[in-house]
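**Q** Once you've had a glance at the structure underneath, I'll fire off some questions.
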Amino acid sequence: MNDHPAVEQRLGLVRWLTGHRHGIEGYLYICHRISGIVLLLFLSLHVLVTSSRLFGEETWQTLMSLTHSPALKFLEYLVFVAFAFHATNGVRLILIELGFAVGKAEHPVYPYRGSLHKQRPLMIVLMVVAAVLIVLGGFDALRLGR
Amino acid sequence: MPRTNEIIFSIRRLYPAVDAVPHTQRFPVELHPGMTVLEGLLQIRESQDASLAWRFSCRMGVCGSCAMIVNGHPRLACNTQIQDVSREEVRLAPLANYPVIKDLVANLDTLFEQHAALAPYIARSDSAELIAPGGEFRQTPAQLTRFLQFSGCIKCGACMAACPTVASDTRFFGPMPLTAAHRYNADNRDDGFATRKRHMRQRHAAEHCHYAGECSRVCPKGVDPARALQLLRRELLLDWLGLRRRQALAMVQPASDDQPPSQRRVQTPPPFTVQR
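Laid out in structure tokens, this is it:
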């Protein structure tokens, strides 16, 4: 351990948004965290709203009428977007974290093409699935089909 | 606007003993074709400001001393040509996520402490063998390939500066130490998995990697820490399930002098051996 005075410069959460330029997987990392927080907040809110039934039918009906407003419908759709992305990207992460889709160790030959390239087809397929789910959900939730 | 054969180096400077906050200083540097960022820094120190501090040693991408943030990316200064980065301005800062000692010198003590904690060496369980080795261990090319990629790490710290989890989790071991751990776990001569497991199983170790892949993108040696960490996680899971198997290891006895020549193994030199 040296005794030099030093100034801390850990980037913290700022790194997630404004740090260095990210690769695709870096952006997915950020989106996964944000969508996770959105889902957690929704779940808490959902439990709170549902438990309002304890305070009588009138309270319940009042809250339910609020959920039919277009703004809340749109927010609900955003929750679905977060869910669709988080679920599909989560499948990718589970597979990768079990050691699948990243390939075996190989001789590093320049230009290096490592695990990021190996898992990219899986990432593309799952992101297409997420996009399809989001579009279909949009037709249903926002009544775009009518 | 710099002259056509000139480029501006904007360097974040900080001397904690004197300065409270960092400031940016701009230096015009005369540009030559093929010039590296390190050569630009040397030019500044020789002709403009001798107090500029940074680390370097080998000048050829081997020692890993000169890693710094070059225009937003962790890179080796000696391995980065200025023309590949920018035509107008090169912005330099010390490696992120580590305290700054002076200018472009980051304090990497934590990195090396975490690295040492993971026992980054081949550990043998047979103490008698350490005193009196009975022969040499032979590895097949496939067994060598399992760890060779990860043994190319030069400990420059670029992956640690790029990792978003290191940025937000102060206790996270980070890609470099965990890659070193996997390099030895994957070596069939090693018996140290059980020792390393104590650290690798921690909440802020392997399981906190969420595959942003930034470490592999910035690694100047193609070590691919992101892959090493996922393979390490699989090893930990298999071990937890009791399914982890040790690879076969063959020890070859050396030919003794009292054997007749016909029974001695003929040692052919590898093709890269210099014959004298």
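Protein chains in written order, with my numbering: chain A, 1 to 146; chain B, 147 to 422.
C-beta atoms are modelled at their ideal positions from N, C-alpha and C, and glycine is treated no differently.
Leaving out five residues on either side along the sequence, give the residues of the same chain with a beta carbon under 6 Å from the beta carbon of V81/A.
**A** I134
**Q** For I124/A and A372/B, what's the separation of their Cα atoms in angstroms?
**A** 19 Å
**Q** Between E152/B and E192/B, what straight-line distance do the alpha-carbon atoms span, to the nearest angstrom?
**A** 16 Å
**Q** What residues are listed by DSSP as bridge partners for M397/B?
**A** DSSP lists F283/B as partners of M397/B.
**Q** Just how far apart, CA to CA, sit A288/B and L324/B?
**A** 22 Å
**Q** Nearest CA to the CA of S115/A: which residue from V109/A, V38/A, P108/A and G103/A?
**A** G103/A
**Q** To which residues of the same chain is P245/B closer than 8 Å at the C-beta, ignoring the five residues directly before and after it?
**A** A252 and N253
**Q** Compare the C-beta of S156/B with all C-beta atoms of chain A and state if any pair is closer than 9 Å.
**A** no
**Q** Have a look at L389/B and L378/B and give me their C-alpha separation to the nearest angstrom.
**A** 14 Å
**Q** Please identify the residue among A242/B, V216/B, L222/B and P220/B whose C-alpha is closest to the C-alpha of V231/B.
**A** V216/B
**Q** Could you please tell me which residues of the segment 82 to 97 of chain A, in chain order, have their CB closer than 8 Å to any CB of chain B?
**A** Shown in chain order are the members of the segment 82 to 97 of chain A whose Cβ falls below 8 Å from a Cβ of chain B: L93, I96 and E97.
**Q** At a CB-CB cut-off below 9 Å, which residues of chain A make contact with T291/B?
**A** Going along chain A in sequence order, the residues near T291/B (Cβ under 9 Å) are K104, A105, E106 and H107.
**Q** With 16 as the cutoff for other CB atoms within 10 Å, does E25/A come out buried or exposed?
**A** buried
**Q** Under the assumption that P108/A contacts G298/B (Cβ atoms under 8 Å), give the Cβ distance between them as a whole number of angstroms.
**A** 6 Å
**Q** Any beta carbon from chain B within less than 9 Å of L116/A's own beta carbon?
**A** yes
**Q** Please list the residues of the segment 314 to 331 of chain B that have a C-beta atom closer than 8 Å to any C-beta atom in chain A, keeping them in chain order.
**A** Interface annotation for the segment 314 to 331 of chain B against chain A: S314 and T316, criterion Cβ-Cβ distance under 8 Å.
**Q** Could you name the residues of the same chain whose beta carbon sits closer than 7 Å to that of C361/B, not counting the 5 residues immediately before and after it, in chain order?
**A** Counting only residues of its own chain and dropping the five nearest sequence neighbours on each side, C361/B has a CB closer than 7 Å to the CB of C305, A308, C309, P321, P371 and A372.
**Q** What does the Cβ neighbour count give for Q194/B, buried or exposed, with the cut at 16 atoms within 10 Å?
**A** When all chains shown are included, Q194/B counts as exposed.
**Q** Under 6 Å Cβ to Cβ from D239/B, same chain only, skipping five residues before and after it: list those, please.
**A** Correcting the residue type first, residue 239/B is Ala in the shown sequence and not Asp. Excluding residues within five positions, the ones whose Cβ falls inside 6 Å are R158 and I215.
**Q** G359/B touches chain A at which residues, Cβ-Cβ below 7 Å?
**A** G23, E25, G26 and L116
**Q** Count the other C-beta atoms from every protein chain shown that fall within 10 angstroms of the C-beta of R92/A, then say buried if there are 16 or more, exposed otherwise.
**A** buried
**Q** Using a cut-off of 8 Å between C-beta atoms, extract the partners of G12/A located in chain B.
**A** A313 and S314
**Q** Please report the distance separating the alpha-carbon of V47/A from that of E234/B.
**A** 56 Å
**Q** Determine whether the beta carbon atoms of H261/B and K301/B lie at a separation below 9 Å.
**A** yes
**Q** If we ignore side chains and look at the alpha-carbon of each, how far apart do T226/B and L45/A end up?
**A** For T226/B and L45/A, the distance between alpha carbons rounds to 51 Å.
**Q** What separation, rounded to the nearest whole angstrom, lies between the Cα atoms of K73/A and Y27/A?
**A** 27 Å
**Q** Below 8 Å on the Cβ atoms is my contact criterion, and I expect I154/B with G186/B to pass it. Report the Cβ-Cβ distance as a whole number of Å.
**A** About 10 Å separates the two Cβ atoms, so there is no contact after all.
**Q** Is the shortest distance between the beta-carbon of H261/B and the beta-carbons of chain A less than 9 Å?
**A** no
**Q** If the cut-off is 7 Å on Cβ atoms, which residues from the segment 216 to 235 of chain B count as contacting chain A, listed in chain order?
**A** G218 and H219
**Q** Less than 8 Å between the CB atoms is what I'm expecting for L11/A and N243/B, so what's the real figure, rounded?
**A** Rounded, the Cβ-Cβ distance is 6 Å, consistent with contact.
**Q** Does L13/A pass the burial test, meaning 16 or more other C-beta atoms within 10 Å, or should it be called exposed?
**A** exposed
**Q** If you follow the alpha helix (DSSP H) that M322/B is in, where does it begin and where does it stop?
**A** P321 to N331
**Q** Got a sec, what are the start and stop residues for the beta strand (DSSP E) F155/B sits in?
**A** E152 to R159
**Q** Specify the secondary structure class of M346/B as computed by DSSP and reduced to three states.
**A** It is helical.
**Q** Would you mind giving the Cβ-Cβ distance between L382/B and A352/B, rounded to the nearest angstrom? I have them listed as a contact below 8 Å.
**A** The beta-carbon distance between L382/B and A352/B, rounded to whole angstroms, is 6 Å. This is short enough to meet the 8 Å contact definition.
**Q** Who are the near neighbours of I96/A in its chain, counting only those whose CB is closer than 7 Å to its CB and skipping five residues on each side?
**A** V102 and Q119
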